[in-house]
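Shown next, in structure tokens, is the structure this report addresses.
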């Protein structure tokens, strides 16, 4: 399971950036407070702040790329059309992406359900009797990915609004999401008052800088790790989390989102 020009693009030239040029960073900003868009369609959150900060350390600019869903970001990174995404590490992704050694952020993955339709889960296999929801391109570890592939009971959609809306209407029984993001999103979603997360954690994962193996930027992984380590030592990510959470809530209050 992470950018000031904003690129709204469906495809990009094949050549990736190198040292002294701009880093092409792809984001699917539907994960507040990690990554989201405000009323002016600006990408906000911990992930874009971190990318800007690391890029400055490298002496590079950033070009932000928004595509239709997270799968498109991963595909463009794999093919070298963008240089960087922020993502969870997995063996499949490591075939096309080089991950930083230093993590940007720890994430807790939770199961969300409707109180009127409680689910009883003590192990992963218990989910086989329920219908679930995910966003396109999401991966929550090898065990869960294998479970989804084997059972075929998880539907994928493009947005949180769709997923939580399906859960509220009873079209699915659970959805898998980062606990922090899911709970923040529910604060401003109409009809979400009866949706909650199971207390147990499905998985703990970490977000990393992931650089395309076709990008010259992979030659600067040591510098990226040093910059990320600096963020950790300054506790900058914690400050960005607080600021982004407050900004997201203020934006939702102004727009009257429900």
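In our numbering, the protein residues as written are 6 to 263.
Each residue gets a CB set at the ideal place from its N, CA and C atoms; glycine is no exception.
task = Please check the pair residue 180 and residue 169, which I expect to be a contact at CB under 8 Å, by giving their CB distance rounded to whole angstroms.
result = Counting from one through the chain shown, the residue named residue 180 turns up at place 175. Counting from one through the chain shown, the residue named residue 169 turns up at place 164. With 8 Å as the limit, residue 180 and residue 169 qualify as a contact, their Cβ atoms being about 7 Å apart.
task = Indicate whether residue 51 and residue 245 have their beta-carbon atoms separated by less than 7 Å.
result = Translated into the one-based positions of the chain shown, residue 51 becomes position 46. Translated into the one-based positions of the chain shown, residue 245 becomes position 240. In contact: residue 51 and residue 245 (Cβ atoms closer than 7 Å).
task = Measure from the alpha carbon of residue 136 to the alpha carbon of each residue in 238, 84, 122, then state which is nearest.
result = As a first step, residue 136 is located in the chain shown; it is residue number 131 there, counting from the start. Per the C-alpha coordinates, the member of 238, 84, 122 positioned closest to residue 136 is 122.
key: Reduced DSSP secondary structure (H/G/I, E/B, other) of residue 64   = Translated into positions along the chain shown, residue 64 becomes position 59. Three-state DSSP puts residue 64 in coil, outside helix and strand.
Segment limits, beta strand (DSSP E) that includes residue 215 = Within the chain shown, numbered from 1, the residue matching residue 215 stands at position 210. From DSSP, the beta strand (DSSP E) with residue 215 extends over 208 to 217.
task = Kindly confirm or deny that the stretch 246 to 260 and the stretch 150 to 160 touch, where touching means at least three C-beta pairs closer than 8 Å.
result = In short, these stretches do not touch, since the Cβ pair count stays below three.
message = With H, G and I counted as helix, E and B as strand and the rest as coil, what does DSSP make of residue 194?
response = Your numbering for residue 194 matches position 189 in the chain shown. Three-state result, residue 194: coil.
ask   = Quick one: what does DSSP say residue 108 is sitting in, helix, strand or coil?
value = By 1-based counting over the chain shown, the position of residue 108 is 103. Here residue 108 sits in coil by DSSP.
task = Since I believe residue 59 is in contact with residue 232 (beta carbons under 8 Å), could you give me their beta-carbon distance rounded to a whole number of angstroms?
result = Indexing the chain shown from 1 puts residue 232 at position 227. Indexing the chain shown from 1 puts residue 59 at position 54. Between the beta-carbon of residue 232 and that of residue 59 there is about 4 Å, and that keeps the pair under the 8 Å contact cut.
message = Within 7 Å of any Cβ in chain D, is that where the Cβ of residue 155 sits?
response = No chain D is present in this structure, which holds just one protein chain.
key: Cβ pair residue 104, residue 213 closer than 7 Å   = Residue mapping note: residue 104 aligns to position 99 of the chain shown, counting from 1. Residue mapping note: residue 213 aligns to position 208 of the chain shown, counting from 1. By the CB criterion at 7 Å, residue 104 and residue 213 fall inside the cutoff.
ask   = Who are the near neighbours of residue 205 in its chain, counting only those whose CB is closer than 7 Å to its CB and skipping five residues on each side?
value = Within the chain shown, the letter at position 200 stands for residue 205. Excluding residues within five positions, none has a Cβ falling inside 7 Å.
ask   = Helix or strand or just coil, what does DSSP make of residue 101?
value = Reading the chain shown from its first residue, position 96 is the one you call residue 101. It is coil, neither helix nor strand.
Residues of its chain near residue 201, where Cβ-Cβ distance is below 8 Å and the 5 sequence neighbours each way are ignored = Within the chain shown, residue 201 is the residue found at index 196, counting from 1. Only 117, 118, 120 meet the Cβ criterion.
query = Taking the C-alpha atoms as reference points, what is the distance between residue 173 and residue 162?
reply = If you number the chain shown from 1, residue 173 lands on position 168. If you number the chain shown from 1, residue 162 lands on position 157. Roughly 15 Å separates the two Cα atoms.
Helix, strand or coil at residue 32 according to DSSP, with G and I counted as helix = Counting from 1 along the chain shown, the entry for residue 32 is found at position 27. Strand at residue 32.
request  = Measuring alpha carbon to alpha carbon, tell me which of 139, 130, 167 ends up nearest residue 156.
outcome  = What you label residue 156 is simply residue 151 of the chain shown in a count that begins at 1. Cα-wise, what sits closest to residue 156 is 130.
ask   = Excluding sequence positions up to five away, which residues of its chain have a Cβ less than 6 Å from the Cβ of residue 79?
value = As a first step, residue 79 must be located in the chain shown, where it is residue number 74. Closer than 6 Å at Cβ, skipping near neighbours: 142.
message = Spatial neighbours of residue 101 within its chain, please: C-beta separation below 6 Å, excluding the five flanking residues on both sides.
response = Translated into positions along the chain shown, residue 101 becomes position 96. Non-local beta-carbon contacts of residue 101 in its own chain, meaning distances under 6 Å to residues more than five positions away in sequence, involve 83, 218 in chain order.
ask   = Using CA coordinates, which residue listed in 30, 74, 42 is at the minimum distance from residue 255?
value = For this step, residue 255 is matched to residue 250 along the chain shown. The residue with the shortest Cα to Cα distance from residue 255 is 42.
task = Mark residue 253 as exposed unless 16 or more other C-beta atoms lie within 10 angstroms of its C-beta, in which case mark it buried.
result = On the chain shown, position 248 is the one that residue 253 refers to. Buried, by the Cβ-count rule.
Cα-Cα separation between residue 94 and residue 72, rounded to whole angstroms = In the chain shown, the residue the question calls residue 94 occupies position 89. In the chain shown, the residue the question calls residue 72 occupies position 67. If you take the alpha carbons of residue 94 and residue 72, they lie about 21 Å apart.
ask   = Short check: CB of residue 90 to CB of residue 234, under 7 Å?
value = The residue labelled residue 90 in the question sits at position 85 within the chain shown. The residue labelled residue 234 in the question sits at position 229 within the chain shown. Residue 90 is not a Cβ neighbour of residue 234, given a cutoff of 7 Å.
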